[in-house]
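Okay, so the sequence shown: first residue is 0 according to numbering that gives the first Met the number 0, each after it adds one.
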Amino acid sequence: MPIPGEPDAPKLWLVKTSDSSFVVEWSEPKSYGIPVIGFQLYIEGKQAGDMISVNLHRAEIPSNINRTYQVSVCAITNNPQRSRSVMSQTLSVLTTSTTNPIPTMYYNNNNNNNDSSLRSFDRNIVRTIPIQIESINEEKLHIDWTSFLPITEIRAYYIHYNCLNNGDVQNMQVSKRHQNAILRDLRPGFTYEITVVAVDRDGEIVYSSDKNIIQMSAPPNAPIVAIRERTNDHVTLEWRPAPSYGELAVVGYKIYINNRLVAILSHDQLTYTLTNGSACEEYIVHVQALSNDKNISSPMSRGVKFTWPGIKPGVFQRLDDGLTGTVVVAWEHPQLEDETEKLIGFKILSENVTTHVVRLHGEYNADIHQATIYDLINGKYHLWLEIQSEHYCVRARPITIGSGRFRNRQLFDSAKCFMKKRKRFRSTGTMTMSPTLRHIQYS
Numbered sequence: 000m001p002i003p004g005e006p007d008a009p010k011l012w013l014v015k016t017s018d019s020s021f022v023v024e025w026s027e028p029k030s031y032g033i034p035v036i037g038f039q040l041y042i043e044g045k046q047a048g049d050m051i052s053v054n055l056h057r058a059e060i061p062s063n064i065n066r067t068y069q070v071s072v073c074a075i076t077n078n079p080q081r082s083r084s085v086m087s088q089t090l091s092v093l094t095t096s097t098t099n100p101i102p103t104m105y106y107n108n109n110n111n112n113n114d115s116s117l118r119s120f121d122r123n124i125v126r127t128i129p130i131q132i133e134s135i136n137e138e139k140l141h142i143d144w145t146s147f148l149p150i151t152e153i154r155a156y157y158i159h160y161n162c163l164n165n166g167d168v169q170n171m172q173v174s175k176r177h178q179n180a181i182l183r184d185l186r187p188g189f190t191y192e193i194t195v196v197a198v199d200r201d202g203e204i205v206y207s208s209d210k211n212i213i214q215m216s217a218p219p220n221a222p223i224v225a226i227r228e229r230t231n232d233h234v235t236l237e238w239r240p241a242p243s244y245g246e247l248a249v250v251g252y253k254i255y256i257n258n259r260l261v262a263i264l265s266h267d268q269l270t271y272t273l274t275n276g277s278a279c280e281e282y283i284v285h286v287q288a289l290s291n292d293k294n295i296s297s298p299m300s301r302g303v304k305f306t307w308p309g310i311k312p313g314v315f316q317r318l319d320d321g322l323t324g325t326v327v328v329a330w331e332h333p334q335l336e337d338e339t340e341k342l343i344g345f346k347i348l349s350e351n352v353t354t355h356v357v358r359l360h361g362e363y364n365a366d367i368h369q370a371t372i373y374d375l376i377n378g379k380y381h382l383w384l385e386i387q388s389e390h391y392c393v394r395a396r397p398i399t400i401g402s403g404r405f406r407n408r409q410l411f412d413s414a415k416c417f418m419k420k421r422k423r424f425r426s427t428g429t430m431t432m433s434p435t436l437r438h439i440q441y442s
């Protein structure tokens, strides 16, 4: 349960601007059980007007053209200990004339002061900010005005960008120390009207760029991928050409399998075949269209998930210790990709490593998982399990075994050890007794 505290800050945004006013709206803040009785607007950090009714979330604020306004709002409560919410973020509002964005005359209106002083600038002074706009990708623009040299003191720059598709108006403040910025989170394919202005310490616009209309590049559509063919030795995928817009053209496709890039195809290659899959393993394929702008690609296609057809053998192993003449093997039940596939049975085969003769040692029903082999002659063998179903026949990984060579290995090892000890004893005795015999012989 949340602990009661001051209400959250309302979220504030700009709705529209005109030559004489601008409109802002704000959200209903989370109050944590404390009743909200109204809202209070602040302009340039100072209270603006009386408290606004709690059921209103919009305000129209009178303004002058070519000015910047810093607007914020907070919620008012009836709790004396927590009389107001946290202040909202500060919204920078730039008001420009719709007919003459760079007027000759500027008005300096101080807050809560009816006095207005008229200021004029020399008409011969060039007050246009030259800007360059470059596309980074379908959602970002780089704005640059480093060639601009102001001759009056600048407090800050503002980038004013208006979406002509939906009327969304936004402003971005840039420090006077910088003369470039990146606009982010723009809408692909939408058109924007962009202006850069410089304001002085009074918030008045003293320099402005021309209005620039830029249409964002729209990336190609994500390809729609489907499986054309699926067998136990290959899977083929296909897609239609991805539609592109404007000057962008599709120049190729990237193929991702389980989030790993495996191939880059040309624009006219609309199929891809996988041949190295493992039975019963799951794969997810994505395709992405590439454009002639290296920074702009389509969204990733919807993943196509499939399981590789076939049979996945279980563990095949030898159980006996190799001290007898028989070989005992066992195997796990195999995994079938298609649960409706019927398992028929198993076969055990061997290949003599020396002679390369292959022999069948028995066929077993589907419910048997162990077998004993009696008739292997002395030698080294590759032994494997063959699994048969209605549509597939696969082999488990072979195991290498030795048969018959060390049938009496334990007895042989014991005799070998005894002979080594006896030989060592005899050698030692000869070396110690020989000098004594010589001494007796010649004494």
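Built from N, CA and C at the ideal position, the CB exists for glycine as well. Only a predicted model underlies this, so the values are computations on that prediction, with no experimental measurement involved.
Give me the Cα-Cα distance between residue i and residue j, rounded to the nearest whole angstrom.
i	j	result
residue 344	residue 277	21 Å
residue 153	residue 41	24 Å
residue 211	residue 191	8 Å
residue 457	residue 169	This structure does not reach residue 457, given that the chain is present from 0 up to 442, and the question cannot be answered.
residue 230	residue 182	49 Å
residue 279	residue 372	30 Å
residue 393	residue 387	7 Å
residue 157	residue 17	18 Å
residue 28	residue 54	12 Å
residue 49	residue 82	15 Å
residue 132	residue 6	42 Å
residue 34	residue 87	18 Å
residue 409	residue 360	With a pLDDT of only 45 at residue 409, under the threshold of 50, the placement of this residue in the model should not be trusted, and no figure is reported.
residue 395	residue 302	31 Å
residue 281	residue 370	32 Å
residue 346	residue 384	6 Å
residue 349	residue 381	5 Å
residue 30	residue 167	29 Å
residue 61	residue 15	12 Å
residue 336	residue 398	25 Å
residue 255	residue 172	41 Å
residue 390	residue 340	8 Å
residue 93	residue 84	26 Å
residue 299	residue 259	13 Å
residue 262	residue 218	21 Å
residue 13	residue 291	37 Å
residue 145	residue 200	21 Å
Classify residue i as helix, strand or coil using the three-state DSSP reduction.
i	result
residue 79	helix
residue 230	coil
residue 171	strand
residue 307	coil
residue 163	coil
residue 278	coil
residue 21	strand
residue 15	strand
residue 152	coil
residue 132	strand
residue 158	strand
residue 296	strand
residue 192	strand
Determine the extent of the beta strand (DSSP E) in which residue i is found, giving its start and end residues.
i	result
residue 143	139-143
residue 283	281-290
residue 318	Looking at the DSSP string, residue 318 is not in any beta strand (DSSP E), and its letter there is neither H nor E.
residue 90	90-94
residue 180	179-182
Are the C-beta of residue i and some C-beta of chain D separated by less than 9 Å?
i	result
residue 388	Given the protein chain composition of this structure (a single chain), no chain D is represented.
Is there at least one non-hydrogen atom of the ligand GDP closer than 8 Å to the beta-carbon of residue i?
i	result
residue 43	Inclusion of the ligand GDP in the displayed structure is not the case, the ligand content being empty and no account of it being possible.
Open item on the list: Can you confirm whether the stretch 224-239 touches the stretch 280-289 when touching is taken to mean that 3 or more C-beta pairs between the two stretches lie within less than 8 Å?
Closed with: Output reads yes: the stretch 224-239 touches the stretch 280-289.
Task: 3-residue-minimum beta strand (DSSP E) runs that sit fully inside the stretch 323-401, ordered along the chain - done: Listed in chain order, the complete beta strand (DSSP E) runs (minimum 3 residues) inside the stretch 323-401 are 326-330, 342-351, 357-364, 369-372, 378-388 and 392-394.
Task: Entirely enclosed beta strand (DSSP E) segments - the stretch 26-86, minimum 3 residues - done: Considered as a whole, the stretch 26-86 harbours 35-42, 45-52, 57-61 and 66-76 as its complete beta strand (DSSP E) runs of no fewer than 3 residues, in chain order.
- [ ] Indicate whether the contact test is met: 3 or more Cβ pairs, each with one atom in the stretch 354-364 and one in the stretch 313-320, closer than 8 Å.
- [x] By the Cβ rule, the stretch 354-364 does not count as touching the stretch 313-320, because fewer than three pairs are nearer than 8 Å.
Open item on the list: Does the structure place the stretch 244-251 close enough to the stretch 318-328 that three or more beta carbon pairs sit under 8 Å?
Closed with: Between the stretch 318-328 and the stretch 244-251 there are fewer than three C-beta pairs closer than 8 Å, too few to call the two in contact.
Task: Completely contained alpha helix (DSSP H) runs for the stretch 197-275, where each covers 4 or more residues - done: With a minimum length of 4 residues, no continuous alpha helix (DSSP H) run stays inside the stretch 197-275.
- [ ] Would you check if the stretch 20-40 and the stretch 66-74 touch, i.e. whether three or more CB-CB distances between them fall below 8 Å?
- [x] Result yes; three or more Cβ-Cβ pairs closer than 8 Å.
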